[in-house]
Amino acid sequence: MMYSDVIKLMEERHSVRKYTARRIDGNIRQTLQECADECNKASLLNIQLCFDEPKAFDTPISHYGSFSNVNNYIALVGKKTKDVYEKCGYYGEKLVFKAQELGLNTCWVALTYSKKKVGCVVGQDESLIAVIALGYGAEQGKPHKCKSLEKVMRVDENAEWFIRGVKAAMLAPTAVNQQKFFLEKQGNAVKATAGLGFYTKLDLGIIKYHFEIAAGKENFVWK
Ligand SMILES: Cc1cc2nc3c(=O)[nH]c(=O)nc-3n(C[C@H](O)[C@H](O)[C@H](O)COP(=O)(O)O)c2cc1C
Numbered sequence: 326m327m328y329s330d331v332i333k334l335m336e337e338r339h340s341v342r343k344y345t346a347r348r349i350d351g352n353i354r355q356t357l358q359e360c361a362d363e364c365n366k367a368s369l370l371n372i373q374l375c376f377d378e379p380k381a382f383d384t385p386i387s388h389y390g391s392f393s394n395v396n397n398y399i400a401l402v403g404k405k406t407k408d409v410y411e412k413c414g415y416y417g418e419k420l421v422f423k424a425q426e427l428g429l430n431t432c433w434v435a436l437t438y439s440k441k442k443v444g445c446v447v448g449q450d451e452s453l454i455a456v457i458a459l460g461y462g463a464e465q466g467k468p469h470k471c472k473s474l475e476k477v478m479r480v481d482e483n484a485e486w487f488i489r490g491v492k493a494a495m496l497a498p499t500a501v502n503q504q505k506f507f508l509e510k511q512g513n514a515v516k517a518t519a520g521l522g523f524y525t526k527l528d529l530g531i532i533k534y535h536f537e538i539a540a541g542k543e544n545f546v547w548k
């Protein structure tokens, strides 16, 4: 995909909490499932797609959190390893990007849903890390406030690909829009660090996915 198309999709994506009753049809389900299968194969996570399942968001905290009509979601499940949060962030956002490409809306949700009512299988050595609401939005959401670029990066010498990557990272969803990450360029290496706070490791995986597809994997290595 061309850089301009990547950025366009990222600019169009906003968290959407209100959905219409429109069902997700079979072809789109299958495309998403194939993407989830690829993610699970690469990451050894156990990401599950839940369709036509309204219970997880039919709970006071969800309504209070202004969610309505959430009938589909992606459950991010994985073995309790040290890197499970970052991996769920990275592959969850890959699915968010795919969903956006397919004309769907999404919202990352770590808190305002009912963990008990989620219709997925969680093995004994696994945890449910977060879910991503999925469906046709009753609205498209709105752009989030951004920190200034200087606050989230350090660069040794200017490189176009690096700035492209940082700008894409700024468009990524982060928990309570905290944007607590830092990207540092050292030659062709990029170091990404998570700040202190809730879910910053999930955020780190998310922003690394954005950075990678905008900067181009061929231009750098993660340090
Ligand atoms: C890891 C993570 C957890 C989140 N948890 C919730 C949540 O529990 N409830 C909610 O309403 N939004 C949640 N969000 C959505 C964020 O508030 C939202 O992504 C952020 O404000 C930026 O807005 P945007 O996604 O429209 O760009 C979460 C986002 C992330 C990345």
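For any residue, its number in our numbering is found by taking its place in the sequence shown, counting from 1, and adding 325.
Backbone N, C-alpha and C fix where the C-beta goes; we use that ideal spot for every residue, glycine too.
Since this is a predicted model, take the numbers as computed values, not measurements.
Asked, Found
"Identify which residue in 333, 341, 327 has its Cα closest to the Cα of residue 467.", "341"
"Helix, strand or coil for residue 352, going by three-state DSSP, please let me know.", "helix"
"Less than 8 Å between the beta carbons of residue 482 and residue 403, yes or no?", "no"
"Evaluate contact between the stretch 503-514 and the stretch 343-352, counting only Cβ atoms and requiring at least three cross-stretch pairs below 8 Å.", "no"
"Going residue by residue through the stretch 374-446, where are the continuous beta strand (DSSP E) segments of at least 3 residues, counting only ones entirely within it?", "397-404, 430-434"
"Measure the C-alpha to C-alpha separation of residue 464 and residue 337 and round it to an integer number of angstroms.", "12 Å"
"For residue 424, which residues of its own chain have a beta-carbon under 7 Å away from its beta-carbon, when the five flanking residues on both sides are left out?", "357, 431, 459"
"Specify whether the stretch 521-532 and the stretch 487-500 touch according to this definition: at least 3 beta carbon pairs, one from each stretch, less than 8 Å apart.", "yes"
"If you compare alpha carbons, which of 454, 515, 429, 496 is closest to residue 484?", "515"
"Which first and last residues belong to the alpha helix (DSSP H) in which residue 337 is found?", "328-337"
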